[in-house]
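S.K.: Before I ask anything, here is the structure I am working with.
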DNA sequence: ATATTATGTCGTATGTTTGCGACATATGAA
DNA sequence: TTCATATGTCGCAAACATACGACATAATAT
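Right under this line is the structure:
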């Protein structure tokens, strides 16, 4: 990601006031914040063909909308597409998904502390 | 979460057409999709006092806005607040954060497969 | 050359999120 | 009781996200 991933789709000015890790994680979380995009990632993980048209058939949304979700995933670096004649093969970008995974792990490690509240839910 | 966590803030009708895991993960990702909310979680992890006012001082947003982010985190079950006289002690809800962590792990495990694309980024 | 198929982009309607000032409430102090 | 402090809620404006039909493009087949 995440060097070339511009933090500009979240244009509320106040966003820049947060530390970089928080910005980076929240950006990734935003990409994962729609069920269609999760479903696309899961479909790509289990499918072998990765043809764009197949994805559209799998996702219960119009071709247009699916295409837009694909672009967002591509922009975030989680998938990439290769042109093959008239078709396009999409697949997961494992290296970036791993980076994403590590960032989330980092966050959750940071949150996993013994807190001194009496009642912890 | 996530039994009591209603999937109703994402009211685009099409959302219900996705599998439950995708809905659940995307809901959680949405909660994490703003840097202020990440920053609040990180602050609560490292602070001992957890007083709402302290959080407002730490986050570069108005008290009103911080309060709203706190409500969202609370609604998602990631934090909880205890009234202590005139003040409110917020802290992380470790059990739900762990559940959230596990859900993300589940997803990433599912995505971590050897894909047969020639060029994998 | 024309038709067909696969895919992306534009424009737009609708709904959601963010941010904040102003107001409401509630505890404790003077 | 009255005031100050801590916090939450309401209502609005601006920005953003979602969804999709219509149009554009590009590779093949006929």
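Protein chains in written order, with the numbering used here: chain A, -5 to 115; chain B, -5 to 115. Ideal Cβ placement from N, Cα and C applies to all residues, glycine included.
1) Helix, strand or coil: which one does DSSP assign to residue 50 of chain A?
2) Can you pull the chain A residues whose beta carbon is under 8 Å from the beta carbon of residue 51 of chain B, in chain order?
3) Are at least three pairs of beta-carbons, each pair with one atom in the segment 61 to 70 of chain A and one in the segment 21 to 37 of chain B, less than 8 Å apart?
4) Listed in chain order, which residues of the segment 19 to 34 of chain B have Cβ atoms closer than 9 Å to some Cβ of chain A?
5) Note down the Cα distance separating residue 23 of chain B from residue 23 of chain A, rounded to an integer number of angstroms.
6) Considering only the alpha carbon of each residue, which of A:91, A:105, A:101, A:107 lies closest to residue 15 of chain A?
7) Can a CB atom of chain B be found closer than 8 Å to the CB of residue 46 of chain A?
8) Output needed in chain order: residues of the segment 66 to 84 of chain A with a Cβ under 7 Å from some Cβ in chain B.
9) Cutting at 8 Å between CB atoms, please list the residues of its own chain near residue 64 of chain A, excluding the five before and the five after it.
10) What residue ranges within the segment 41 to 107 of chain B form continuous alpha helix (DSSP H) runs of no fewer than 4 residues, ordered along the chain?
11) Could you say which of B:44, B:96, B:39, B:103 lies nearest to residue 18 of chain B if we only look at CA atoms?
12) What does residue 17 of chain A reach in chain B if we use C-beta pairs closer than 9 Å?
13) Considering only their Cβ atoms, is the gap separating residue 39 of chain B from residue 105 of chain A smaller than 8 Å?
14) Using a C-beta to C-beta distance shorter than 9 Å, which residues of chain A count as neighbours of residue 98 of chain B?
15) Along the chain, where does the alpha helix (DSSP H) that runs through residue 16 of chain B open and close?
16) Between the Cα of residue 91 of chain A and those of B:88, B:98, B:89, B:92, spot the shortest distance and give me the residue it belongs to.
17) Given residue 81 of chain A, which residues of its chain have a CB within under 8 Å of its CB, disregarding the five upstream and five downstream residues?
18) Measure how close the beta-carbons of residue 11 of chain B and residue 54 of chain A come, nearest whole angstrom, since I'm counting them as under 8 Å.
19) Using a C-beta to C-beta distance shorter than 7 Å, which residues of chain B count as neighbours of residue 107 of chain A?
20) Below 7 Å CB to CB, which residues in the same chain sit around residue 41 of chain A once its five sequence neighbours on both sides are set aside?
21) Could you say which of A:21, A:13, A:32, A:58 lies nearest to residue 20 of chain B if we only look at CA atoms?
22) Residue 107 of chain B: buried (16+ other C-beta within 10 angstroms of its C-beta) or exposed?
M.R.: The relevant details are as follows:
1) Here residue 50 of chain A sits in helix by DSSP.
2) The contacting residues do not exist; residue 51 of chain B stays about 13 Å from chain A at best.
3) Using a C-beta cut-off of 8 Å, the segment 61 to 70 of chain A makes no contact with the segment 21 to 37 of chain B, since fewer than three inter-stretch Cβ pairs fall below that distance.
4) 19, 20, 21, 22, 23, 24, 25, 26, 27, 28, 29, 30, 31, 32, 33
5) 5 Å
6) Nearest of A:91, A:105, A:101, A:107 to residue 15 of chain A, Cα basis: A:101.
7) no
8) 74, 76, 83
9) Taking residue 64 of chain A as the centre and dropping the five residues before and after it, the same chain places the C-beta of 34, 46, 49, 73, 75, 84 closer than 8 Å to its C-beta, in chain order.
10) 46 to 52, 57 to 69, 88 to 105
11) Selected option, being the one with the closest Cα: B:96.
12) 29, 32
13) yes
14) 26, 95, 98, 99, 102
15) 14 to 25
16) Among B:88, B:98, B:89, B:92, the Cα nearest to that of residue 91 of chain A belongs to B:98.
17) 45, 46, 47
18) 4 Å
19) 39
20) 48
21) Nearest Cα to residue 20 of chain B within the set A:21, A:13, A:32, A:58: A:32.
22) Residue 107 of chain B is classed as exposed because its beta carbon has fewer than 16 other beta carbons within 10 Å across all chains shown.
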